[in-house]
């Protein structure tokens, strides 16, 4: 989801709520502690130099039970980030503290809640580095049976 999509969703949202991929809610007393631009400059395993830019939101499970983040407040934080940092309409990633470490999530909106979506790694240069392509999954029940040369009644044994 891109930044402008989040801003559009906030225009009509009654509240700001986030759900983790397992369906549990981020506690209502969370804070957005950072909005920024993350730039990743790297070389993939095939030797191609790449640059990736994303907008990043960091959610923090605060012990501040008296304040709840309202849609307009988050819109104000985003507007300040656009003005101060030059934040553009980038894909948004969300950082959130899990039980062991900070997780990075994609984001979606279901009309009521913002959904934190699982992210995955992938080889960006599979044709150059020789990584095998994903094997096609086949159900065993769909395979045709072949007559074995040593079937029990074949007389070969």
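Numbering (the numbering used here), first residue to last: 981 to 1137. In this text, a Cβ means the ideal position worked out from N, Cα and C, and glycines have one as well. These figures come from a predicted structure and were not determined experimentally.
- Item | Cβ distance (whole Å) where residue 1010 is taken to contact residue 1096 below 8 Å | For the purposes of this step, residue 1010 is identified with residue 30 of the chain shown, where counting begins at 1. For the purposes of this step, residue 1096 is identified with residue 116 of the chain shown, where counting begins at 1. Not really, about 11 Å apart at Cβ, beyond 8 Å.
- Item | Bounding residues of the beta strand (DSSP E) (the contiguous stretch that carries residue 1104) | The count along the chain shown starts at 1 and reaches residue 1104 at position 124. It is not in any beta strand (DSSP E) - residue 1104 carries neither H nor E in the DSSP assignment.
- Query: What number of angstroms, rounded off, separates the C-alpha of residue 1036 from the C-alpha of residue 1111?
  - Reply: For the purposes of this step, residue 1036 is identified with residue 56 of the chain shown, where counting begins at 1. For the purposes of this step, residue 1111 is identified with residue 131 of the chain shown, where counting begins at 1. Their backbone Cα atoms lie some 30 Å apart in a straight line.
- Task: Can you say whether residue 1061 is buried or exposed, counting buried as having 16 or more other CB atoms within 10 angstroms of its CB?
- Result: Against the chain shown, residue 1061 aligns to sequence position 81. That one is buried.
- Task: Would you mind working out which of 1008, 1064, 1017 sits nearest residue 1041, comparing C-alpha positions?
- Result: Against the chain shown, residue 1041 aligns to sequence position 61. The residue with the shortest Cα to Cα distance from residue 1041 is 1008.
- Item | Own chain, CB closer than 6 Å to residue 1088, minus 5 neighbours either side, in chain order | Taking the first residue of the chain shown as 1, we reach residue 1088 at position 108. Around residue 1088: 981, 1095, 1097.
- For residue 985, which of helix, strand or coil comes out of DSSP? Taking the first residue of the chain shown as 1, we reach residue 985 at position 5. Three-state DSSP puts residue 985 in a helix.
- Nearest-angstrom Cα distance between residue 1063 and residue 1017? Residue mapping note: residue 1063 aligns to position 83 of the chain shown, counting from 1. Residue mapping note: residue 1017 aligns to position 37 of the chain shown, counting from 1. Their backbone Cα atoms lie some 13 Å apart in a straight line.
- Message: Quick check: the Cα distance between residue 1034 and residue 1014, rounded to an integer number of angstroms?
- Response: Reading the chain shown from its first residue, position 54 is the one you call residue 1034. Reading the chain shown from its first residue, position 34 is the one you call residue 1014. Between residue 1034 and residue 1014, the C-alpha separation is close to 13 Å.
- Starting from residue 1054, trace the alpha helix (DSSP H) both ways and give me its first and last residue. In the chain shown, counting from the first residue as 1, residue 1054 sits at position 74. That run of the alpha helix (DSSP H) goes 1051-1065.
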